[in-house]
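Notes for the one structure printed next.
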Amino acid sequence: MKVTFLGTGTSGGVPMIGCPCQVCHSADTKDQRLRSSILIEKNGKTLVVDTGPDFRQQMLRERVNQLDGVLYTHGHIDHTGGLDDIRAYNFFQKLDMPLYMDELTETIIRRQFAYVFDNVSYPGIPRVRLQRIENRPFTAEGISVVPIQVMHLNMPVVAFRIDDFTYITDANRIAEEEKKKVLGCKVLVLNALRKEKHISHFNLSEALELIEELAPETAYLTHISHQMGLHEEVSKELPSNVHLAYDGLKLQL
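Residues 219 to 471 (this note's numbering) are what the sequence shown spells out, left to right.
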């Protein structure tokens, strides 16, 4: 299985015009973070987790010519805003795109993209096939997936485990029963917004504490705000088995 980090940032984590911070003016490409998303390639199938506003740019950058389905973690616009751009894959693949999401995310996406779900159809709109998931294992285009429910303040968010790889974004709390689903994984990707405390995301110290508890072989931090600091400097502060992810990073599992 191959995993590519399409983006590792947040709505406030990408370079902003006029922002005086070091990260936004850094020449290090690892500090240039688009909205968080990953690409999973396994058994000849390609899945994306979340289609943020940077989805088109990310897929062009990685030259992704095949997309077999999308897994959604939750309905916030920084994770859904690029849904319209699946139209290119509809056109070339001549298939409706399977979208895997829980009931809450479906409700939100139907509101955000009402024109996709109107009874009156017209050429050029995204063609989708909604696949409702619950908090139990499911199969996405032949790939076995274990969903893990995490909490983003009071909002349920779905994390995903595929084989020995677990991807958790937009969380600040995980129930003990859900943590058990992560135990034994070799690679854990976990959100860490910044060093300061945040109302709905793990900060750096909280993420490191959870990583130590779950004990993966290797962990990568994602959904990183520019408030975290420079990639090179923060990397020096991390344990040897923990790394800051960066856009374009590829893992072979």
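Glycine included, every Cβ here is placed at the ideal spot set by N, Cα and C.
Asked: Label A433 either buried or exposed according to how many other C-beta atoms from any shown protein chain fall within 10 Å of its C-beta, with 16 as the threshold for buried.; Found: exposed
Asked: Could you check what DSSP says for K397 in three-state terms: helix, strand or coil?; Found: helix
Asked: Please give the ranges of any alpha helix (DSSP H) in the region 246-286, keeping only runs that are unbroken, at least 4 residues long and fully inside the region.; Found: 273-279
Asked: Is there contact between the region 250-264 and the region 336-354, where contact requires at least three CB pairs shorter than 8 Å?; Found: no
Asked: So is P344 buried or exposed if we call it buried at 16+ other beta carbons inside 10 Å?; Found: buried
Asked: By Cβ distance below 7 Å, which residues in the same chain neighbour G231 in space, the five residues on each side in sequence not counted?; Found: Because G231 carries a pLDDT of 49, less than 50, the predicted location of this residue cannot be relied on, and the following value inherits that uncertainty. Taken in chain order, the residues that qualify are R251, I442, S443, H444.
Asked: Check each candidate in L285, G293, T357, A377 and name the one with the smallest Cα separation from I304.; Found: L285
Asked: Drop a sphere of 10 angstroms on the beta-carbon of Y333, count the other beta-carbons inside from all chains shown, and report buried for 16 or more, exposed for fewer.; Found: exposed
Asked: List the DSSP bridge partners of F420.; Found: According to DSSP, which records beta bridges pairwise, F420 is partnered with nothing at all.
Asked: For N409, write down the residues that DSSP places opposite it in a beta bridge.; Found: T440
Asked: Classify D314: buried if its beta carbon has 16 or more other beta carbons within 10 angstroms, exposed otherwise.; Found: exposed
Asked: Please list, in chain order, all residues of the same chain as R347 whose beta carbon is under 6 Å from its beta carbon, the five residues on each side excluded.; Found: D314, P316
Asked: Distance check for D465 and D246, CA to CA, integer angstroms please.; Found: 12 Å
Asked: Nearest-angstrom Cα distance between G402 and F383?; Found: 10 Å
Asked: Pick helix, strand or coil for I366, following the three-state DSSP scheme.; Found: strand
Asked: Considering Cα atoms alone, identify which of T387, G262, E352, C239 is closest to H294.; Found: T387
Asked: Helix, strand or coil for L289 per DSSP?; Found: strand
Asked: Any idea if R350 is buried or exposed, counting beta-carbon neighbours within 10 angstroms, 16 or more meaning buried?; Found: exposed
Asked: Is it buried or exposed for H449, if we count other Cβ within 10 angstroms and need 16 for buried?; Found: buried
Asked: In whole angstroms, what separates the C-alpha of D320 from that of A377?; Found: 11 Å
Asked: Could you check whether the region 322-329 touches the region 255-270, counting it as contact only if at least three pairs of C-beta atoms, one from each stretch, sit closer than 8 Å?; Found: no
Asked: Starting from Y307 and walking both ways along the alpha helix (DSSP H), at which residues does that stretch end?; Found: 305-311
Asked: So what does DSSP say about M219, is it helix, strand or coil?; Found: coil
Asked: Report the option in K399, T228, Y307, F356 whose CA atom is closest to the CA atom of P271.; Found: T228
Asked: Express the C-alpha separation of Q275 and I392 in angstroms, rounding to a whole number.; Found: 32 Å
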